[in-house]
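Novice: Take a look at the following structure, please.
Residue numbers (my numbering): 119 to 257.
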């Protein structure tokens with residue numbers, strides 16, 4: 119079962135730290151379903167780069183995708199600046215909310231989470247959630 123939660127961030131809050139704290143408070147893993155908001159600065163790590171990139175401007179969040187859990191968060195963000203230039207990358211601490219960010223987060227029932235080590239066997243496990251309209255059905 120998925121438990122949706124509305125989460126609102128206000129001026130000055132760090133986006134990544136706030137999501138990490140929420141996952142710890144809820145003691146659940148989940149993922150970002152939707153986000154609307156803006157930033158005054160964003161810190162991202164671009165693919166293949168060793169250094170993070172810091173953008174300071176009035177920024178509009180376009181998307182935020184990934185997972186959160188009490189132990190870690192893996193999130194990718196895209197946003198635009200005042201000239202409609204689009205930036206994207208791995209979300210880093212130091213990404214600060216300008217006015218607000220409203221999110222819908224889907225927390226996952228712990229019975230649906232299964233941790234396995236990935237090996238060279240290339241084994242895939244598929245979980246079917248009862249009554250989920252997007253789950254595969256046996257024919």
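All C-beta atoms in this analysis are idealised placements derived from N, C-alpha and C, irrespective of residue type, glycine included. Predicted model only: the values in this text are computed from it and were never measured.
Name the two residues that bound the continuous beta strand (DSSP E) containing residue 146.
Specialist: Counting from one through the chain shown, the residue named residue 146 turns up at place 28. That residue, residue 146, is in no beta strand (DSSP E); it is neither H nor E in DSSP.
Novice: Assuming residue 159 and residue 173 make a contact with CB atoms under 8 Å, what is their CB distance in whole Å?
Specialist: For this step, residue 159 is matched to residue 41 along the chain shown. For this step, residue 173 is matched to residue 55 along the chain shown. The pair is a contact, with the Cβ atoms about 7 Å apart (cut-off 8 Å).
Novice: Return the CA-CA distance between residue 203 and residue 219, expressed in angstroms with no decimal places.
Specialist: Indexing the chain shown from 1 puts residue 203 at position 85. Indexing the chain shown from 1 puts residue 219 at position 101. Looking at the two C-alpha atoms, the distance is approximately 20 Å.
Novice: Can you tell me whether residue 154 is buried or exposed, with buried defined as 16 or more other CB within 10 angstroms of its CB?
Specialist: For the purposes of this step, residue 154 is identified with residue 36 of the chain shown, where counting begins at 1. It is exposed - the Cβ of residue 154 has fewer than 16 other Cβ atoms within 10 Å.
Novice: Strictly by DSSP, which residues pair up with residue 223?
Specialist: For the purposes of this step, residue 223 is identified with residue 105 of the chain shown, where counting begins at 1. 123, 150, per the DSSP bridge assignment.
Novice: To the nearest whole angstrom, what separates the beta carbons of residue 195 and residue 223, a pair I think is in contact under 8 Å?
Specialist: Here residue 195 refers to the residue found at position 77 of the chain shown. Here residue 223 refers to the residue found at position 105 of the chain shown. That pair is no contact at about 15 Å.
Novice: For residue 210, which three-state DSSP category applies?
Specialist: On the chain shown, position 92 is the one that residue 210 refers to. In this structure, residue 210 counts as coil in the three-state DSSP scheme.
Novice: In terms of residues, what are the limits of the beta strand (DSSP E) holding residue 184?
Specialist: Position 66 of the chain shown, counted from the start, is the residue given in the question as residue 184. 171-186 is the extent of the beta strand (DSSP E) around residue 184.
Novice: Could you tell me whether the region 171-191 touches the region 120-129, where touching means 3 or more Cβ pairs closer than 8 Å?
Specialist: No, because fewer than three Cβ pairs between the region 171-191 and the region 120-129 fall closer than 8 Å, the two stretches do not touch.
Novice: Less than 7 Å between C-beta atoms, sequence neighbours within five positions excluded: which residues of the same chain meet that for residue 197?
Specialist: Walking along the chain shown from the start, residue 197 turns up at place 79. Correct list, in chain order: 157, 160, 177, 178, 179, 180, 205.
Novice: Less than 8 Å between the C-beta atoms of residue 148 and residue 226, yes or no?
Specialist: By 1-based counting over the chain shown, the position of residue 148 is 30. By 1-based counting over the chain shown, the position of residue 226 is 108. Yes, the Cβ-Cβ distance between residue 148 and residue 226 is below 8 Å.
Novice: Using DSSP with H/G/I as helix, E/B as strand and the rest coil, what is residue 136?
Specialist: Locating residue 136 in the chain shown gives position 18, where the first residue counts as 1. Reduced to three states, the DSSP call for residue 136 is helix.
Novice: Output needed for residue 188: all residues of its chain with C-beta closer than 6 Å, excluding positions within five of it in sequence on either side, in chain order.
Specialist: On the chain shown, residue 188 is found 70 positions in, with the first residue counted as 1. Around residue 188: 141, 142, 145.
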